[in-house]
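Per the numbering used here, the very first residue in the sequence shown carries number -5; after that it's consecutive. Think of the CB as a built atom: it goes at the ideal place given N, C-alpha and C, for glycine as much as any other residue. The next block holds one structure in the form of structure tokens; read it before the comments.
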Amino acid sequence: MSVTMSRRAYAQMFGPTVGDKVRLADTDLFIEPERDFTISGEEVKFGGGKVIRDGMGQSQQRARGAVDTAITNALILDHWGIIKADIAIKDGLIAGIGKAGNPDTQPGGVDRYWTGDGNHRGRGQDHHRQRDTHIHFIFPQQIEEALFSGVTTMMGGGTGPAAGTTATTCTPGPWHIHRMLEALDPFPMNFGIFGKGNASVSEGLVEQVEAGACGLKLHEDWGATPAAIDCCLSVADDMDVQVMIHTDSLNEGGFVESTIAAFKGRTIHAAHTEGAGGGHAPDIIKICGENNIIPASTNLTRPYTANTLRSTGYADGDPSSRPPYPGRRCLCGKPHKEGDDCRRGYPARSRRVLDRVVG
């Protein structure tokens, strides 16, 4: 007997499908699945009165090629598209995406991933799974919180609760990389460690990759000069790893054009691309128009907005600095429009604070 369900009821039961729109958190951004591999009417779901049972959505035997875990009815968002599918996990790794189910009773080709009597099932429509590629590894509790939030991969750097960790996402030197890998090994999470990429001579960068770093991070706090950028990208090309960069907010080693020129068309990931909280001020957002640069936003605020005031302390990592020294006034003033009264529109108390911060 066929059953007709409303879109709302279907989404609540099996998750969104083609034609549905999904709002991303509390933003005004919406995504829409382009394809659905779960096959309408043949979706599998675990639970009382549901589908994954012996002889129904679950095979009565563990066929060759059956996976260990099937995450059903997941919404997958990646650079190549937005799809609805089941996720197959085998030997602790994602083996593929497609259609989970019983090959004896349900349609599907050899590219499908099936459930058998030795599988574990998870409900993908109830959870988000994602990767975080900008982690400051300060304390181990971050991992537990990330797991609760659906993060399956954490990539970044640090050495625990140290000043360098709170400021930059890199783990400097082979010794620190080895110790961090040892410390992270017991946790049920996928990790990637970034080495420190700020060097104009290659030897120190090579030994970090050989020690286990999956990439290198260039950060302005260590000096993101054109020479360091060029050297780091050259090593990355030779050793087939990725480079991330937090560019030069104070424009000490050059302006945004100097940094773009140092890339020489090579692919790089750039954090803090709005111009408030890190990166060439005030025009770092210009790099979003470059084909070889993968931009990202990890900032607390947008430039030229009211929230910029609340985040001025983040600019130099010392919100308690009173009275501010001239360099700090210059740095904190960068996100504000030159020649404008940046206090205009703020409450009286905020204007007094801004006077102390940016003069």
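Please report how far the alpha carbon of residue i lies from the alpha carbon of residue j, in whole angstroms.
i, j, result
"residue 130", "residue 156", "10 angstroms"
"residue 257", "residue 34", "47 angstroms"
"residue 253", "residue 245", "10 angstroms"
"residue 154", "residue 181", "15 angstroms"
"residue 66", "residue 145", "17 angstroms"
"residue 259", "residue 77", "31 angstroms"
"residue 139", "residue 149", "15 angstroms"
"residue 101", "residue 36", "8 angstroms"
"residue 184", "residue 62", "18 angstroms"
Quick one: grab the DSSP three-state call for residue i.
i, result
"residue 167", "helix"
"residue 202", "helix"
"residue 283", "helix"
"residue 266", "coil"
"residue 172", "helix"
"residue 224", "helix"
"residue 233", "helix"
"residue 278", "helix"
"residue 18", "coil"
"residue 178", "helix"
Considering residue i, what are the terminal residues of the alpha helix (DSSP H) in which it resides?
i, result
"residue 157", "157 to 161"
"residue 3", "1 to 8"
"residue 141", "135 to 142"
"residue 237", "It is not in any alpha helix (DSSP H) - residue 237 instead sits in the beta strand (DSSP E) that spans 236 to 240."
"residue 254", "250 to 257"
Check for me: the beta strand (DSSP E) holding residue i runs from which residue to which?
i, result
"residue 212", "209 to 213"
"residue 124", "124 to 130"
"residue 76", "75 to 84"
"residue 71", "63 to 72"
"residue 187", "184 to 190"
"residue 38", "Here residue 38 belongs to no beta strand (DSSP E), and DSSP marks it neither H nor E."
"residue 23", "Element bounds for residue 23: n/a, residue is neither H nor E."
For residue i, does the count of other Cβ atoms within 10 angstroms reach 16, so buried, or fall short, so exposed?
i, result
"residue 73", "exposed"
"residue -1", "exposed"
"residue 2", "exposed"
"residue 251", "exposed"
"residue 166", "buried"
"residue 311", "Any reading at residue 311 is ruled out, since the residue's pLDDT is 44, under 50, leaving its predicted position unreliable."
"residue 202", "buried"
- request: Taking 8 angstroms as the threshold, find out whether the segment 213 to 228 comes into contact with the segment 172 to 182 through three or more Cβ pairs.
  value: no
Below 8 angstroms, how does it come out for the segment 41 to 51 and the segment 15 to 29: are there three or more Cβ pairs, yes or no? no
query: Is there contact between the segment 232 to 251 and the segment 206 to 218, where contact requires at least three CB pairs shorter than 8 angstroms?
result: yes
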